[in-house]
Structures are given as C-alpha cells and as structure tokens.
Amino acid sequence: NYDGVQALKDVTLQVKPGEIHALVGENGAGKSTLIKILAGAVHPDKGIIKVQDKEATIRNPKEGLETGISVIYQEIALIPDLTVTENIFLDEFNEKKNIIDWKTLRKRAKEYLESLGFGDINLNARVKDLSVANQQIVEVCKALKRDSKVLVLDEPTAV
Numbered sequence: 006n007y008d009g010v011q012a013l014k015d016v017t018l019q020v021k022p023g024e025i026h027a028l029v030g031e032n033g034a035g036k037s038t039l040i041k042i043l044a045g046a047v048h049p050d051k052g053i054i055k056v057q058d059k060e061a062t063i064r065n066p067k068e069g070l071e072t073g074i075s076v077i078y079q080e081i082a083l084i085p086d087l088t089v090t091e092n093i094f095l096d097e098f099n100e101k102k103n104i105i106d107w108k109t110l111r112k113r114a115k116e117y118l119e120s121l122g123f124g125d126i127n128l129n130a131r132v133k134d135l136s137v138a139n140q141q142i143v144e145v146c147k148a149l150k151r152d153s154k155v156l157v158l159d160e161p162t163a164v
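The sequence shown begins at 6 in my numbering and counts up one residue at a time.
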C-alpha cells in the first residue's frame, strides 16, 4: 500500500526455467512495485515469494540476490570510469583479497559476453564509452556471474 492505494492485489507470477515473461500495464498498475518486492527493495504487506519451490524471505536487496533474483533497472548501475571487466566483477573485490587475477577475470568476462553473442565488446573499455545497449549487456553479465535464477529487466528499452 502507498498512501492508502493498493498497488498489488492477488498477484501470482510463476516463472519456469527458460521462460520469458513481460509485465505490461499502465503507469501505476504495480509493475515496478512487483519488481521491487522481488528484489527486496520494497516489503510486501502480505503474501509469499517462492523460488524453486522454496519460500523465500527477501527483506533487502542483498537477500534478493542471495535468493537468485537479479534486477537490472532502467538506470544503469555501473561505475562509468571502470572497465567492462572491473564492473562485472566489482562485488568480488574487497579488502581481504590482496591479489586480483585479472587474466582469469578477463577470460570469465569474455565467456559471459560471448554467451550473449557480444564477444566483440572490449573488456578493457571504460563503461562510459559503451553504448547504452552494451552497458545493459554488461549488467546482464553481472547477473550471469551471480548464477541468477530469475533475471528481471525493468524497462530495458527506456533511455
């Protein structure tokens, strides 16, 4: 509910492996709210979420990712001055990891890009120098790296 307005009511969405679905509707129909609930950015007032027949408690975006749900929003979530490879693997860099095996990371990034038919994207290019379409492909590679069970694209053709 938003200020007394019920955004969603009696929603059931079942997605099986390999299926592609589209959520369509007018502005205010609840599409983005459903996506935000799946991602853990918004909490449902009631109901359950199941992933692979298991009930999932998704209280925040981290738990959404851990459950296997990746969302790529209309606003690209990449760091413009980093390279394609750096953006794909950014969440693997931390203070505990002193050595980064760039050769292996570039190889893995190339495999993800090739699996999508975009092997020609320069792994060392700064993301800001890519087209918006190719930036979205980098976002999809990030989701592939996470081994996502469900990939949600929120208005992927909007610019």
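Think of the CB as a built atom: it goes at the ideal place given N, C-alpha and C, for glycine as much as any other residue.
By the three-class DSSP mapping on this structure, what secondary structure does D62 have? In the sequence as presented, Asp is not what sits at residue 62; that position holds Thr. T62: coil per DSSP, three-state reduction.
Within the same chain, show all residues whose beta-carbon is closer than 7 Å to that of V20, passing over the 5 residues directly before and after it, in chain order. The beta carbon of V20 sits closer than 7 Å to the beta carbons of H26, V155 from its chain, once the five residues preceding and following it are set aside; these are given in chain order.
Measure the C-alpha to C-alpha separation of D150 and Q11 and round it to an integer number of angstroms. In the sequence on display, residue 150 carries Lys and not Asp. Spanning the two alpha carbons is a distance of roughly 36 Å.
Check whether the Cβ atoms of A44 and G69 lie closer than 7 Å to each other. yes
Apart from the five residues just before and just after P66, which ones in its own chain have a Cβ nearer than 7 Å to its Cβ? A44, G45, A46
Starting from the Cα of C146, find the closest Cα among D134, I104, L83 and give me that residue. L83
For the alpha helix (DSSP H) that K41 lies in, which residues bound it at each end? That run of the alpha helix (DSSP H) goes 36-44.
Per the contact definition of three or more C-beta pairs closer than 8 Å, is the segment 82-96 in contact with the segment 118-134? The segment 118-134 is in contact with the segment 82-96.
Out of G33, K36, Y78, E31, point me to the one whose CA is closest to A138's CA. Y78
What is the rounded straight-line gap between the Cα of V157 and the Cα of N103? Between the C-alpha atoms of V157 and N103 there is a straight-line separation of about 33 Å.
Using three-state DSSP, classify K112 as helix, strand or coil. helix
Endpoints, alpha helix (DSSP H) assigned at V145: V145 -> alpha helix (DSSP H) spans 137-150.
Quick one: Cα of F123 to Cα of I42, how far? 31 Å
Taking the alpha helix (DSSP H) that I93 belongs to, which residues open and close that run? 89-94
How big is the Cα-Cα spacing for D106 and V143? 19 Å
DSSP beta-bridge partners of S75: Under the DSSP definition of a beta bridge, S75 partners with L156.
Let's see if you can read the secondary structure: which residues bound the beta strand (DSSP E) around V56? 54-56
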